[in-house]
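In my numbering, the protein residues as written are 75 to 473. All remarks here apply to the structure that follows.
In structure tokens, the structure reads:
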């Protein structure tokens, strides 16, 4: 038997964390790594936040799971917090980002198709964007135009049309009688930390209003204070109809949510959707602790301030290595360092030789997505490691 006990779908690296301390991870052999990856934008309160740990411990000792057959005081509390702090009127809780996006797709289709005598079963198409990443389920890979995610899983699900990111005219050309909605990441994460323009996002909102389409925002990676506002849409002066959130909302505990307006959720009636684990008391305790920590102006202002400081120093830093780095982009503490060379070898170099954890992304970009609780010491350590990494990096010879 040659297959590994863990199904070999990840090319796992040699870093094997067994413990976390604030913004560091500690390996089996005691090696300390500065974690500017945050479990891919998940551990937004770091690895030892007393409020989050305490909430999970207390809830685990009280009640972990009962299913959605019963009333949910815990779920009602977190849903109310999300309704009060966002555009939304109602929330469906999931266990992951992909599930949150699935719920969002279903909500958009149900808006048109499950609207009583006004229902229109022909409206099912969702317009999505090149280089998007929405998850790994059949619907969410179908929502992406990336062949590498499709390979081996044909046939894809019908109902998705793809437009170039940040191209409003291309979206207009795709809208037709079967269009149900438009789904976009305000900041593409896997695609290379590429923020949408103000004109694009406001244009999408206008098109959705004009054609009675659902505007779905995938804020799985950029949401929950990551960009310096609770959700990134706030910085574009618009509100979506439906929003998928996950990653940071659980602070490390698996949790996602589909947030919608009352109008958008009109088709999501009894029996249309469900989840055995979604909204379990343990996840709700984690999500409530996270929201209590981040959904306030002092915390959000600190993220903006640290993000600007990090960005400013990065822009100064890349001037020292014009042969390696092209630009810095992003918002808040969701920053991308676009390289002039293939980025993955540099990402590996930082990890293996300088104990700095970042995340590789498309468009030759290094994702810098630290815990939102970093301080001056972590920022200084980051630049010490990044500078040493850039100085010692040798660009690989072409094969």
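Note that the Cβ used here is the ideal one computed from N, Cα and C, for glycine as well. From a predicted model like this one, the values you see are computed outputs, not experimental measurements.
Counting along the chain, where does the alpha helix (DSSP H) carrying residue i start and finish?
i           : result
residue 453 : 450 to 466
residue 114 : 112 to 115
residue 337 : Here residue 337 belongs to no alpha helix (DSSP H), and DSSP marks it neither H nor E.
residue 351 : First-last for residue 351: undefined, no H or E at that position.
residue 176 : 171 to 187
residue 252 : Per DSSP, residue 252 belongs to no alpha helix (DSSP H) and is neither H nor E.
residue 469 : Element bounds for residue 469: n/a, residue is neither H nor E.
residue 135 : First-last for residue 135: undefined, no H or E at that position.
residue 210 : Here residue 210 belongs to no alpha helix (DSSP H), and DSSP marks it neither H nor E.
Using C-beta distances below 8 angstroms, list every residue in its chain close to residue i, excluding the 5 sequence neighbours before and after it, in chain order.
i           : result
residue 249 : 201, 281, 285 and 287
residue 138 : 354, 355 and 356
Apart from the five residues on each side of it in sequence, which residues of its chain come closer than 7 angstroms, Cβ to Cβ, to residue i?
i           : result
residue 170 : 320, 328 and 330
residue 306 : 260, 261, 293, 296, 297 and 405
residue 416 : 438
residue 421 : 432, 434 and 440
residue 156 : 162, 165, 331 and 333
residue 312 : 275, 276 and 279
Check residue i in the structure and name its three-state DSSP category.
i           : result
residue 165 : strand
residue 474 : Residue 474 lies beyond the residue range present for the chain, which begins at 75 and ends at 473; the question has no answer from this structure.
residue 140 : coil
residue 261 : strand
residue 441 : strand
residue 373 : helix
residue 127 : helix
residue 388 : helix
residue 430 : strand
residue 221 : helix
Comparing C-alpha positions only, which one of the options sits nearest to residue i?
i           : options               : result
residue 437 : 225, 402, 463 and 355 : 402
residue 399 : 275, 467 and 276      : 467
residue 389 : 149, 371, 409 and 377 : 409
residue 302 : 376, 333, 458 and 255 : 376
residue 451 : 98, 115 and 214       : 98
Who does residue i pair with in a DSSP beta bridge?
i           : result
residue 106 : 100
residue 236 : 202
residue 292 : 318
residue 87  : Beta-bridge pairing links residue 87 to no other residue.
residue 327 : 325
residue 268 : 262
For residue i, I'd like the list of residues in its chain whose CB is within less than 6 angstroms of its CB, leaving aside the five on either flank, ordered along the chain.
i           : result
residue 368 : 299
residue 309 : 303
Check for me: the beta strand (DSSP E) holding residue i runs from which residue to which?
i           : result
residue 93  : 91 to 95
residue 31  : Missing from the structure shown is residue 31; the chain here goes from 75 to 473 and no further.
residue 404 : 399 to 405
residue 408 : 408 to 413
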